[in-house]
Amino acid sequence: MNCLYAKPVWLLSPLGIQFEGILVSFVDWLGNIIAKAPYNVIIYVISLCYGSWYARNKYCFEGRNFEAVNIVQKASNIIEDYKGLVNTHVDVEPTISISSPSSWSPPPTSTFRLNIDASELVHNKWGVVAIVRDSKDIVLVAVAWNFVALPDANIAEALEFWLSI
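Residue numbers (this note's numbering): 1075 to 1239.
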């Protein structure tokens, strides 16, 4: 809440939030917003969080700088796109999809099984997932990451395995 780069983003937004004098952590403040604020405020706060995170990553990993006004505009665009999708009515016949039985078998009692998978989302961008289940098929942990420029699925899955342990 004392970040010199984030403060202008919040102030320039239509919410006009000033963090001066707020004595709680950002996480506590965010939790309070989500618990008590109207829906339109919540989606704007979440969009600003995403825009700030996106800009920070672009700066850290690509050296690209973003002005606060651009981050606020991106958040507004995300909200408008979202509203357009939510308000779009599509008549679709309901279908029931029955998948084939899984070949997953539970691990021995008192042990866990780690399953990993990787898939190329677009050229050189990989999605990798891991799930840990116990012998009763209860999911204990599930994680997903995106990686750029991995040469193939075997490397992506190896990286996922390393991150999972």
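We put the CB at the ideal spot given by N, CA and C, even for glycine.
Keep in mind the model is a prediction, meaning the values are calculated, not measured.
With a 10 Å radius around its C-beta and 16 neighbouring C-beta atoms as the bar for buried, classify residue i as buried or exposed.
i     : result
A1149 : buried
L1122 : buried
W1127 : exposed
S1087 : buried
V1083 : buried
A1129 : buried
Shortest alpha-carbon distance to residue i belongs to which of the options?
i     : options                    : result
A1119 : E1094, I1145, R1130, R1138 : Note that residue 1119 is Val in the sequence shown, not Ala. Minimum Cα distance to V1119 is reached at I1145.
L1078 : D1208, A1142, V1098        : A1142
S1184 : Y1156, S1099, V1083, D1211 : D1211
A1204 : I1096, Q1147, V1217, S1193 : V1217
Y1113 : K1157, N1131, K1199        : K1157
I1190 : P1182, V1206, H1197        : V1206
L1056 : S1209, V1196, L1195, I1116 : Here the chain comprises residues numbered 1075 to 1239, so residue 1056 is not present and cannot be evaluated.
I1116 : I1091, R1138, A1129        : I1091
May I have the straight-line CA-CA distance separating residue i from residue j, to the nearest angstrom?
i     : j     : result
N1220 : G1201 : 5 Å
I1107 : S1179 : 43 Å
L1159 : L1214 : 33 Å
Y1133 : A1111 : 31 Å
F1100 : H1197 : 36 Å
L1097 : W1103 : 9 Å
R1138 : P1182 : 50 Å
F1186 : Y1124 : 34 Å
A1192 : E1094 : 44 Å
F1135 : A1109 : 33 Å
Comparing the CB of residue i with every heavy atom of the ligand FAD, is any distance shorter than 7 Å?
i     : result
F1135 : The ligand FAD is not part of the structure shown, which contains no ligands of any sort.
Step through the CB atoms of chain B and report whether any lies within less than 8 Å of the CB of residue i.
i     : result
V1217 : No chain B appears in this structure, which consists of one protein chain only.
Q: Taking only runs that begin and end inside the stretch 1189–1220, name each unbroken beta strand (DSSP E) of 3 or more residues, in chain order.
A: For the stretch 1189–1220, the full-length beta strand (DSSP E) segments reaching 3 residues or more read 1199–1208 along the chain.
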